[in-house]
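Just so we're aligned, residue 8 is where the sequence shown starts under our numbering, counting upward by one.
No residue lacks a Cβ here, since even glycine has one placed at the ideal position from N, Cα and C.
One structure below.
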Amino acid sequence: MTLANPSPGLPSPSLETGRTAPTVRDESPLARARRRAMSAFPALLVVAFLLLPWPLMDKLRAIGSTVCMLRPSHSYFLAGQQLPLEARTQGIYAGLLLGLGYLLLRRAGATRRPSRLMMVVLGGFVASMAFDGLNSTAYDVGLPYLYAPTNFLRLVTGLLAGAALAPALLYLLSISLWDEGQLRPVIGGVGELAGLVLVEALFLVAIVFGPGWLLYPISLITAGGVVVAFFVVTLAVVVSLARDRWSRPLLINVALLFTVAELGVLVAYKLWFHQCPVPM
Numbered sequence: 008m009t010l011a012n013p014s015p016g017l018p019s020p021s022l023e024t025g026r027t028a029p030t031v032r033d034e035s036p037l038a039r040a041r042r043r044a045m046s047a048f049p050a051l052l053v054v055a056f057l058l059l060p061w062p063l064m065d066k067l068r069a070i071g072s073t074v075c076m077l078r079p080s081h082s083y084f085l086a087g088q089q090l091p092l093e094a095r096t097q098g099i100y101a102g103l104l105l106g107l108g109y110l111l112l113r114r115a116g117a118t119r120r121p122s123r124l125m126m127v128v129l130g131g132f133v134a135s136m137a138f139d140g141l142n143s144t145a146y147d148v149g150l151p152y153l154y155a156p157t158n159f160l161r162l163v164t165g166l167l168a169g170a171a172l173a174p175a176l177l178y179l180l181s182i183s184l185w186d187e188g189q190l191r192p193v194i195g196g197v198g199e200l201a202g203l204v205l206v207e208a209l210f211l212v213a214i215v216f217g218p219g220w221l222l223y224p225i226s227l228i229t230a231g232g233v234v235v236a237f238f239v240v241t242l243a244v245v246v247s248l249a250r251d252r253w254s255r256p257l258l259i260n261v262a263l264l265f266t267v268a269e270l271g272v273l274v275a276y277k278l279w280f281h282q283c284p285v286p287m
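Printed below as a string of structure tokens:
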């Protein structure tokens, strides 16, 4: 039997649930234009960065100057050019970006903390970087030290620290972008940790033994790690303040704007007040 619609001007009720079926509304031209503009905004920022009238390596080193002093003696060189960050900070931020990418492919949306054993191992990675950093600082300022520091050790311990921090960044990203995070750890067992360390080891080999043509890929990953770290933390703050009022694309774009502003202010501070050796 066919049910008549008692109100011709209203949507008919669902026969299965008894609820009114939702009315589909066409997207207005203004809403469509706004959505497209928000989708294109990240790409426009990248294009604007590339169009800035300075050599690409100088711009990448300017990003690196926000988190380190860019001392040549503490840095690696490829194709005769200094990489965008010093060895230790390069390891931290490149390792963080590579680790985050690796974990996103396997555990996007994960929000649970790792096992206690895994947290101890990751804590050991960070502790190794801190220990080597203290020893290196003691060497630089003339205090007693245990061993002569090297850029290789700075890079290795930095990469380990970056790998250890990647799960924390994944957690922040998951609670910011997913309404309901997945109830699984941000990093799994020994096999997943081994894969993460392998990714970091391959990057280490590329820096230490790689040919000159790897200059730009390595530099983009390194400087990109700085940008991503700033962005994820900024996004978490923006989402915590305005999740219920703004759409997700707007939250992302606002976080991108704040990230650009943060990095811009830090670059200006380094250049004008500390005269950091960033050729621009």
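Worksheet entry | Rounded Cβ spacing between V2 and I70 (contact assumed at less than 8 Å) | Lying before the first or after the last residue shown, residue 2 is absent from the chain, which here runs from 8 to 287.
Q. Do the CB positions of A236 and L176 come within less than 8 Å of each other?
A. yes
query = Between S183 and L242, is the Cβ-Cβ spacing less than 8 Å?
reply = yes
Is A170 near G108, with beta carbons less than 8 Å apart? no
Indicate whether the contact test is met: 3 or more Cβ pairs, each with one atom in the region 147-157 and one in the region 202-215, closer than 8 Å. no
Pull up the distance between the alpha-carbon of K277 and that of L67, whole angstroms please.
-> 14 Å
Does DSSP put P29 in a helix, in a strand, or in coil? Only weak support is given to the placement of P29: the predicted model assigns it a pLDDT of 45, under 50, and the question is left unresolved by the model.
Indicate the three-state DSSP secondary structure (helix, strand or coil) for A155 in the structure shown.
coil
Can you list the beta strand (DSSP E) stretches of 3 or more residues lying completely in the region 49-137, in chain order? 117-119
Please report the straight-line C-alpha distance between L77 and D251, rounded to a whole angstrom. 41 Å
Whole-angstrom distance between D186 and V53, CA atom to CA atom: Taking the straight line joining both Cα atoms gives about 28 Å.
Q: Look at the alpha carbon of G165 and the alpha carbon of L227, and state the distance between them as a whole number of angstroms.
A: 17 Å
Exercise. Starting from the C-beta of S181, find all residues in its chain whose C-beta is less than 8 Å away, skip the five residues before and the five after it, and write them out in chain order.
Key: A115, G116, A117, T118, G188, Q189 and V193
Please report how far the alpha carbon of A94 lies from the alpha carbon of L160, in whole angstroms. C-alpha separation (whole angstroms): 9 Å.
- [ ] Could you pull the start and end residues of the beta strand (DSSP E) that L190 belongs to?
- [x] Q189 to P192
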